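Residue numbers 113 to 419, in my numbering, belong to the letters of the sequence shown in order.
Here's the structure we're looking at; comments come further down.
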Amino acid sequence: MTGVFIVAGVLLFGILIVVAGLLQGRQAAVIDDRLATFTERTRSLEELELELPISERILKPVLHALLASFGKASPGKNAAKIKQNLEQAGNPGNLTPAMFVGVRVTVGLLMLGVGYLMAVLMAVPLLNQLLYTVVGGAIGYVFPGIWLDRKIKARKHSILKSMPDALDLLTISVEAGLGFDLALQRVADKWENELSKEFNRVLSDTRLGTPRRDAMRLMSERCGVEELTNFVQAIIQAEQLGVSIGKILKVQSEQMRIRRRQRAEELAHQAPIKMLFPMAFLIFPSIMVVILGPALPKLLGASALGG
Numbered sequence: 113m114t115g116v117f118i119v120a121g122v123l124l125f126g127i128l129i130v131v132a133g134l135l136q137g138r139q140a141a142v143i144d145d146r147l148a149t150f151t152e153r154t155r156s157l158e159e160l161e162l163e164l165p166i167s168e169r170i171l172k173p174v175l176h177a178l179l180a181s182f183g184k185a186s187p188g189k190n191a192a193k194i195k196q197n198l199e200q201a202g203n204p205g206n207l208t209p210a211m212f213v214g215v216r217v218t219v220g221l222l223m224l225g226v227g228y229l230m231a232v233l234m235a236v237p238l239l240n241q242l243l244y245t246v247v248g249g250a251i252g253y254v255f256p257g258i259w260l261d262r263k264i265k266a267r268k269h270s271i272l273k274s275m276p277d278a279l280d281l282l283t284i285s286v287e288a289g290l291g292f293d294l295a296l297q298r299v300a301d302k303w304e305n306e307l308s309k310e311f312n313r314v315l316s317d318t319r320l321g322t323p324r325r326d327a328m329r330l331m332s333e334r335c336g337v338e339e340l341t342n343f344v345q346a347i348i349q350a351e352q353l354g355v356s357i358g359k360i361l362k363v364q365s366e367q368m369r370i371r372r373r374q375r376a377e378e379l380a381h382q383a384p385i386k387m388l389f390p391m392a393f394l395i396f397p398s399i400m401v402v403i404l405g406p407a408l409p410k411l412l413g414a415s416a417l418g419g
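Written as structure tokens, this is what we have:
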């Protein structure tokens with residue numbers, strides 16, 4: 113009996129030691145986590161770069177350098193226009209005008225080779241080989257421009273679609289007593305879209321010392337949306353004339369709601385015209401087959417007997 117008490121006492125003592133060790137380790141971990149905030153060593157730029165994948169550290173810079181060299185070697189024209197288009201597209205891939213020209217030249221050369229290879233594999237005459245090669249190169253050179261135009265249209269549509277709700281929230285925030293910059297920040301934090309990104313960029317520019325009117329004017333140039341340009345001009349005029357921004361925002365939000373309703377009505381009126389082609393070439397032939405299909409054998413038999 114005494115041995116049982118001894119074993120039980122040893123087990124209880126061991127359990128207490130284990131529990132105390134776990135609690136002490138947990139407290140030590142909490143203390144270490146708190147101290148790590150103050151004692152963490154600042155990592156160097158080289159260490160931060162080494163944490164990036166090899167595609168970000170080596171392949172991407174080399175590719176950007178090659179594209180930029182191709183763009184500089186080619187006869188660059190309309191660099192300002194290309195830069196404006198890239199900004200209106202949201203600067204995809206952080207491309208510079210020289211890099212975009214390099215992309216066009218590179219894709220054009222690749223498609224040139226693809227066109228020539230197809231012509232050789234198809235064993236077409238020499239003149240057709242030349243035609244295939246030229247057409248392939250032209251398609252490759254034009255395709256990046258088409259892709260950029262589609263990006264611009266998609267971004268403008270996104271900005272235009274999000275403007276009415278953004279202006280409503282901006283108006284409510286200003287009327288509630290917030291300053292214009294704080295109201296912009298609230299709108300930027302509310303959504304994750306292209307317009308919110310532009311508002312964040314305006315706020316960043318103003319924090320860096322750019323006057324608000326200049327920052328907003330640059331935003332309208334980057335977006336290229338007529339409604340946003342009108343909104344920016346109204347805000348700038350309100351600041352210059354000392355008019356209440358709340359009243360201007362209320363008028364602008366009402367106009368945006370009216371324009372949104374007008375665009376919806378316009379799209380509704382275009383729907384019958386857009387449905388004409390599929391109805392004429394897809395639906396009506398199917399209906400004719402269903403209606404005339406059962407009677408077609410009889411008609412063919414009658415025509416054969418008559419002949």
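We put the CB at the ideal spot given by N, CA and C, even for glycine.
Note that the structure is a prediction, hence the values are computed from the model and not measured.
- Sixteen is the threshold: since fewer than 16 other Cβ atoms of the shown chains lie within 10 Å of the Cβ of isoleucine 395, the residue is exposed.
- Contact check for arginine 267 against glycine 202 passes: the beta carbons are separated by less than 7 angstroms.
- Leucine 330 and valine 215 have their C-alpha atoms some 27 angstroms from each other.
- By the Cβ test, the stretch 291-306 is not in contact with the stretch 364-372, since fewer than three Cβ pairs between them sit closer than 8 angstroms.
- In the three-state DSSP reduction, proline 237 falls in the coil class, being neither helix nor strand.
- Under the three-state reduction of DSSP, leucine 243 is assigned to helix.
- For glutamine 241, same chain residues with a beta-carbon under 8 angstroms away, outside a window of 5 residues either side, are Tyr228, Ala231 and Val232 in chain order.
- Separation of threonine 218 and isoleucine 194 (C-alpha to C-alpha, rounded to the nearest whole angstrom) is 17 angstroms.
- Put simply, the backbone Cα of alanine 250 is about 21 angstroms away from that of asparagine 197.
- About 13 angstroms separates the beta carbons of valine 344 and methionine 368, which is beyond the 8 angstroms limit, so they are not a contact pair.
- For glycine 358, the enclosing alpha helix (DSSP H) stretches over residues 357-390.
- Annotation: alanine 191 to glutamate 378 spans about 36 angstroms, alpha carbon to alpha carbon.
- One thing to note: glycine 248 has its Cβ within 7 angstroms of the Cβ of valine 226.
- A residue is called buried once 16 or more other Cβ atoms fall within 10 Å of its Cβ, and arginine 319, having fewer, is exposed.
- Linking valine 314 to leucine 260 through their CA atoms gives a straight-line distance of about 24 angstroms.
- Residue burial is scored here from C-beta neighbours: glutamate 338 has fewer than 16 other C-beta atoms within 10 angstroms and is therefore classed as exposed.
- Only residues of its own chain outside the window of five on either side were considered, and among them none has a CB closer than 7 angstroms to the CB of glycine 205.
- Using a 10 angstroms sphere on the CB of glycine 358, the tally of other CB atoms reaches 16 or more, which defines it as buried.
- With contacts defined as CB atoms closer than 7 angstroms, asparagine 312 and serine 270 fail to qualify as a contacting pair.
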